[in-house]
Amino acid sequence: MATTGLLENDISFVRAPPIALHARNVTISASKTNKVLVNSFSVDLPSGSVMAVMGGSGSGKTTLLNVLASKVSKGLQLDGEIHYALEDNSEHFNADTEASMAYLPQHDVLPARLTCRETLMIAADLKLKSSLEKKNEIVDQLLLELGLRDCANTLVGDARNRGLSGGEKRRLSVATQLVSNPSFMFLDEPTTGLDAYSAFLLVKSLKKLARDGQKSFIMSVHQPRSDIMFLLDSVCILSKGNVVYCGKTTEMIPYFDSLGYSVPHLVNPADYFVDLSSVDARTEYSKKKSQELVDQLVQQWDDRQSQMMRLVTFDTSRGIHPRNMAARVSFWKQVEVLTRRNIKLNSSDHFTLVATFTEPALVGAIMGWIFYKPNPNTQEGLRTLTSSLYATAVLQCYLYLLFDTYRLTEQDIILYDRERAEGIVSPASFMLARKLLLFWTDDIMMILIFVTISYFMIGLEVSAKKFFLHFSVVFLIQLSCSGLALFSVAISRDFAKASLVGNMSFTLLSLACGFFVNAKSMPVYVRWTKYIAFTWYGFGALVSNTYTDKLCHSSNKDQCEGNALIHSLGFWPHWRSLPFSILFCFALGNFGAALIMFYIKKVDIALQNEVKPSKTEDNDGLEGDRESSLDDTLQEIGVEKVEDLESKLSDFVPITVTLRNINLEVMASQLSKSPRHGWLQKKTKQILQDVNAVFKPGMINAIMGPSGSGKSSLLNLISGRSNSSLLVKFHSTGSILLNTNSISKEMFKSVCSYVSQDDDHLLASLTVRETFEFAAALRLHYMTSQQRRSKIDEILLALGLTHCENTVIGNEFVKGISGGEKRRVTIGVQLLNNSPILLLDEPTSGLDSFTSAAILEILENLCTEDGKTVIITIHQPRSELFQKFGHVLLLARSGRAAFNGTPNEMINYFANIGHVCPPYTNVADYFLDLISVNTQNEQNEMISRQRVESLLDNWRLKGNNIMEDPVLDLNEMSKGQFLGEYDVFIKKPCNAVLAYFVNLRRQYTTTRRNINSLMARVAQVPGSGIIFALYWAPIKHNFKSVGNRLGLAQQSTALYFIGMLANLACYPAERDYFYEEYNDNVHGIAPFFLAYMTLELPLTAFSSSIYAVFTVLVCGLPRTAGNFFATMYCAFVIIACGEALGIMTNTFFRRPGFVVNCISVILSIGTQLSGLMSLHMSRVLKGINYLNPLNYTSMILINYSFPSDMKLTCEDGGRKPDGSCQFSNGHDVLREYGLIKNTQKYLGIIICVMIIYRLLSYWVLKAKLEWIKW
């Protein structure tokens, strides 16, 4: 092995109490369905052991791990016994205070803006009571042992910021659990995302810790390499929850030998045994045969266990309850550490810091500009000033509510959930530490900036007392919104649901505050809501603070217009102390409610996806049945493999792909940490260096290498998918040859099909057959429908998807096909193109070894039968499949080639330079070990780095001579020559009209089946109308009704937000699917965009008509045909413009939370510019308003709400000194407020504005994909 002779590190953990596990007949079932997930599991595991739980996906590995770790979700029922016992040689340990467990979840949850070392130190501070020196020593040793020394000062990173690789993050997650020195540790898929060598080193480290520290490790694994398996002390193999084998590793091979199942030569035993215990559900025949075999294996193990297995008896008095997830440090220590981490996270997040102080300044300045110094001596000025008080009280706080909800769901709450599940933090310490940090920046500074700017620009009284009371009210409202954000996230960790809770709450708060609908005239059944709305107290306090004893024309204070206005709004003069006190109580109450909800609703990330309710009918193929070998399926369907490769390829034009001197570098621009060096800091990284390779047709060609070696980058480069963006620029050199002709990357892209690493773009609500039908209608448009059906049937058979062809794809919320089946669907869609070259990026990533083998066998069959040139990236191929590869390109981490040739040539080449693969070793794993650098300590790094450099130098000197071919030194093929030779293979876009109708039909199908999308389109708008009717109906014809009618017209601007939210529910999934089709040159932008509009606009028109029924007919606005259709028309335009803004922002950004925050600022400002809040805006703002649809719709609605023939009374106020009514009819209102407009002209303008919005959204999409390409 390449690891022989390497030095082992010494980790100086304090010895933890040695604990043994004893499980007896553990059966786990789903509570609601009684479906058995794990059946009759028994084991005796002494301390110092490493045990692996293996099996195909859906076999119950994670479920068993969770139950053994005392993580039993509410949806599970547990039978049997699980005991932990202190072993006899541990008398000096006090197990009740020292023994502990650790659990590594399947997904990494790490702070993105901390370095590797900082992350480990924070974990040590939260879990250990040792001295600082001891913590530093343990952290340094873990960094060395887990190969993280080189990246110790590298940021963890995330999708936005480059940082650690996936493998490095996985090892860091392991280190954060090991730092607590647990007696027992459970690891769910610890090797996921690691290359073969890193996975081996990780398990080797665990083995050393188990041996030296008497710790025990139980882990679930998908594809264990052979040398990993022999590091294990015990193995458990599961099949659909049944135990096929559970015992010592040394006894496993002899046990299966005794049953007649001997491991073939050079085959990984783990892969072989998982194959035996897997069920193939692709056909009835294969399912029956494989199920019979599994049933036989399960029964034989039951017999063996009952007859021969000696269950260890143990003293129950020594049974203990390990401190599973129990806090190690005090509450105040938790607060200190969490506050310190929060300071580091926030100070390194420059974007958020800038936004924290820029947003209130910008919003405050805009608000001050909109409401700039109105004249309070006019009705117009009074209305504007009162509106400004509402805006300052609510707008900034609403935006902060969305921002804080987004910030919580994006990272804060994920870290909290992981640490709460570990027991190292409490809800109280999390909330207190967070508020200690944000109190100064968010609650004090943000509000101070906003209030200071807006207060004086609006022209409020220059009085220190009134200013600070104004500040205090807005401060307390934002503090209450901060608690509301925590409460929303405590209810749901998903941003969409949490923001829905926040938005619904704020809708109530805005309606009940007394501004839009007078608090005194609210219907009695909703009038009580003002008392539970903190905005009512806040708005009332600001109104009283501003108008008390103001606008007096005599010494009698009771006759002051300010006091009369206060009374008309339902408040009282000098009403300051009481609302201030109640607001403070509301803030405390919201935080208290959030704290209680966090304690009640504990989320364990390890259990989130364990038991899900099925929303579709059960299908046997979805219950964990896995794929078996392709040979059995081919025999069943009557297809015989042809071994004569040359005769099979005689009907095809074989294409050999050659890469010559490929280099790739990336230049990334990011915000500089120091402005002295400029705002943008540019970093250049060499990804590929002088790569030469040959890939042959009719066989699978593999690109292998450790993590970070540039495998995916090479595939993306030659397929034309390494697109530069505004901040990331790619530069490449070298040439690509098809056979003996050099071609451009664009030419190569047109004759190849690319299968990405993820299947997220598949539409969850389509069935497998429908997915193929829609794809075939676009890709095989030149065929007849019968020919397309035949082609689809052929691919379904070849990929083994016939058994699930009528099952929906599904996602995390809707039960559908398995991960392996999704992978085959993605491959099948690309096979419809019939391209001669097929590129696949990690086609086996995340799949168990059995499913991976099935995928590769399918690809092999496609090669031999269709003569395709298949190129895949793979990080851990099975040994028997490695021998079947055509050509292998071996890359080192530096992006340099270490070998390219056939597997046999590879074995001979390395043997000739002194590296002979040992027997019973996976050849692929051995070669990956050879070119990997071990960074566990300086000596290991020096030895392994010298070996890697020697191998690279040797290939550069000798290997390139093998690659030399004078025939390849030709000029680049012209476009005409390329078309003449490869025209039959070039992917051509289909007719735009056809693409439009296919997109329309597909989007109709997905919308009809997706209840969330359908409800977003047809229910939200009528729902708003119903809520408005509850608060406004019936609108009277008195003085107070004037403000109510203005408020109802202003509330129509909320439809702007609803249009955006509807787009957020429907557009992203369709967008992702379209991006894949566009990259495949299937069709252009226009068909997709027009189909989306065709489906969206009629549903918008329908929901707008229902909205008009409630706001016009039920509320009691003038019940005329003109008003009804004008309201419906305006609602339609507002929603459509909101949709268009949603398209733009969802095209700019992929993250929904970020989209909502960005667009909410724009929409909020748009609502303030409607013309009903500020009645005397500057000319510049009026000019901006020409593109604001809300300005036109608000003017239309208010003019129809106050017709000239409408009579108004003034018994409830609004009398002039002479006793006459200030407003006697609708025309008087419009004239007094300056709102008389030509509605016919405005009705024509708004349709033009809507068209402009749609064109802008189309151009943004076009710019992203064709022009700027960000």
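So in UniProt numbering, spot 1168 of the sequence shown is number 1168, and the numbers just go up one at a time. The beta carbon of each residue, even a glycine, is placed where N, CA and C say it ideally should be.
Pick from the options: whose alpha carbon is nearest that of residue i?
i: GLN77; options: PHE1149, VAL38, HIS470, GLY734; result: VAL38
i: LEU780; options: MET747, VAL829, ARG823, MET1250; result: VAL829
i: ASP442; options: ASN346, ARG420, ARG418, VAL394; result: ASN346
i: VAL267; options: LEU231, GLN299, TRP301, PRO224; result: PRO224
i: PHE1074; options: SER709, LEU1261, ASN861; result: LEU1261
i: LEU1055; options: LEU583, LEU1046, ILE1135; result: ILE1135
i: PRO374; options: ARG418, ALA428, GLY459, LEU1208; result: GLY459
i: GLU1195; options: PRO1152, ILE1245, ASP1212, ASN1157; result: The residue asked about is misnamed: residue 1195 is Met in this sequence, not Glu. Among PRO1152, ILE1245, ASP1212, ASN1157, the Cα nearest to that of MET1195 is on ILE1245.
Quick one: is residue i buried, meaning 16 or more other Cβ sit within 10 Å of its Cβ, or exposed?
i: ALA1121; result: exposed
i: ASN1238; result: exposed
i: TYR1186; result: exposed
i: GLY1219; result: exposed
i: SER879; result: buried
i: SER258; result: exposed
i: GLU292; result: exposed
i: TRP1267; result: exposed
i: PRO18; result: buried
i: HIS803; result: buried
i: GLU646; result: At GLU646, the pLDDT of 34 sits below 50, so the modelled position is not reliable; the number obtained from the coordinates is stated separately. Burial call: exposed.
i: THR546; result: buried
i: SER1257; result: buried
i: LEU727; result: exposed
Strictly by DSSP, which residues pair up with residue i?
i: ARG721; result: The partner list for ARG721 (beta bridge, DSSP) is empty, contrary to what the question assumes.
i: ASP195; result: None, per the DSSP bridge assignment.
i: ARG1215; result: CYS1221
i: THR869; result: MET699, ILE837
i: PHE910; result: Answer is none; PHE910 lacks a bridge partner.
i: ARG668; result: Arg is not the amino acid found at residue 668; the sequence shown has Ala there. Answer is LYS683, VAL728.
i: LEU889; result: ILE703, ASN900
Determine the DSSP secondary structure at residue i, reduced to helix, strand or coil.
i: ASP631; result: With a pLDDT of 34 at ASP631, under the threshold of 50, the modelled position of this residue cannot be trusted; read the value that follows with caution. It is helical.
i: ALA99; result: coil
i: HIS1083; result: coil
i: THR378; result: coil
i: HIS875; result: coil
i: GLN291; result: helix
i: GLN787; result: helix
i: SER220; result: strand
i: ASP690; result: strand
i: GLU646; result: Low confidence applies to GLU646: its pLDDT is 34, below 50, so where it sits in the model is not reliable enough to give any reading.
i: GLN757; result: coil
i: THR115; result: strand
i: ASN1199; result: helix
i: ASN346; result: helix
So the alpha helix (DSSP H) residue i belongs to, where does it begin and stop?
i: GLU770; result: 768 to 779
i: PHE495; result: 495 to 511
i: SER1013; result: 1011 to 1018
i: GLY562; result: 561 to 568
i: ASP257; result: 249 to 258
Looking at the unbroken beta strand (DSSP E) that takes in residue i, where does it start and where does it end?
i: MET185; result: 184 to 188
i: ARG24; result: 19 to 30
i: GLN77; result: 76 to 86
i: SER732; result: 728 to 738
i: PHE598; result: Taken as a continuous stretch (DSSP letters only), PHE598 belongs to no beta strand (DSSP E), being part of the alpha helix (DSSP H) at 577 to 600.
i: ASN39; result: 36 to 45
Measuring only between beta-carbons, confirm whether residue i sits less than 8 angstroms from chain C.
i: VAL38; result: Among the protein chains of the structure shown there is no chain C, as only one such chain exists.
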